[in-house]
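*Asks:*
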C-alpha cells in the first residue's frame with residue numbers, strides 16, 4: 003500500500019491490542035476522546051483512573067465530582083452523564099461492570115451490543131473492537147471520512163455511510179493500518195482546509211488532488 007510506504011506499517015502492542023487491557027477502559031477512553039485532542043483526553047482518562055478505584059466507584063460518584071475530575075477532556079458534564087448512564091446500563095444488563103463477554107461474540111454481535119448503549123455511536127463501537135479486541139474493522143472518524151471521500155473511494159455525507167461503503171474495499175487484515183495511516187494523512191496533509199496536495203503520496207490516484 004502506498005500509504006505504508008510513506009508512513010510505515012503501524013505497529014500494534016505486542017499482544018496486538020491497545021495499551022488498555024480492560025474493554026471498559028477502552029470504551030470510556032474513547033468517549034473521553036470525543037471532540038477534544040488526544041493529549042486532553044489522555045489527561046482526563048488518567049485523572050479518572052487516579053480518582054476512582056473501580057468502575058463501581060465511577061458509577062456511584064456524584065455527577066458534578068466526576069465532571070470536575072474529567073474536565074480537561076472538555077464537555078465534562080455531558081461526558082460524565084454519558085459515562086454513568088453507560089455504566090448503569092451495562093451493570094443492569096450484564097450483572098457486572100465488565101465487557102469481557104464481548105470477546106466471545108462475533109463482530110456483528112459485539113457491535114449490536116455496543117450500539118445499543120445510549121451515547122455509543124458506530125465510530126466509538128468500532129474503536130473498541132479494533133483497539134480493544136484486535137478486530138479487523140476500520141473506525142471512521144472525521145479524517146478517515148474526509149480522506150476516503152476525496153480519494154473517491156466512497157461518496158458519503160455521513161461517516162456511518164463511509165464505514166458501510168469503505169469496509170468491503172479494505173483487504174483482509176489491513177483495517178488497522180488503513181485507519182491509522184488515513185488519520186495520519188488527514189492530520190498532516192489532507193487537511194479539512196487548505197490540503198497540501200502537492201506533497202501527498204496519493205495525489206496521482208486522487209480525483210480531488212488532481213483538480214487542485
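Numbering (our numbering), first residue to last: 3 to 214.
No residue lacks a Cβ here, since even glycine has one placed at the ideal position from N, Cα and C.
Since we're looking at a predicted model, the values are computed, not measured.
1) Tell me whether the stretch 53-69 and the stretch 118-130 touch, counting them as touching only if at least three CB pairs, one residue from each stretch, are closer than 8 Å.
2) Closer than 6 Å by C-beta to residue 150: which residues in its own chain qualify, once you throw out the five before and the five after it? Chain order, please.
3) When DSSP labels each residue in this structure, what does residue 76 get in the three-state scheme?
4) From residue 51 to residue 208, what does the alpha carbon distance come to, in whole angstroms?
5) Based on Cα-Cα distance, which residue from 212, 75 and 29 lies nearest to residue 40?
6) Assuming residue 49 contacts residue 72 under a Cβ cut-off of 8 Å, what Cβ separation, rounded to an integer in Å, is found between them?
7) Between residue 122 and residue 116, which are expected to be in contact by the criterion C-beta below 8 Å, what is the C-beta distance as a whole number of angstroms?
8) Below 6 Å CB to CB, which residues in the same chain sit around residue 101 once its five sequence neighbours on both sides are set aside?
9) How would you label residue 183, buried or exposed, when you count the other beta carbons within 10 angstroms and need 16 or more for buried?
10) Measure the Cβ-Cβ separation of residue 54 and residue 31 and say whether it is below 8 Å.
*Replies:* On the basis of the data shown:
1) no
2) 156, 164 and 168
3) coil
4) 43 Å
5) 75
6) 6 Å
7) 5 Å
8) 25 and 26
9) buried
10) no
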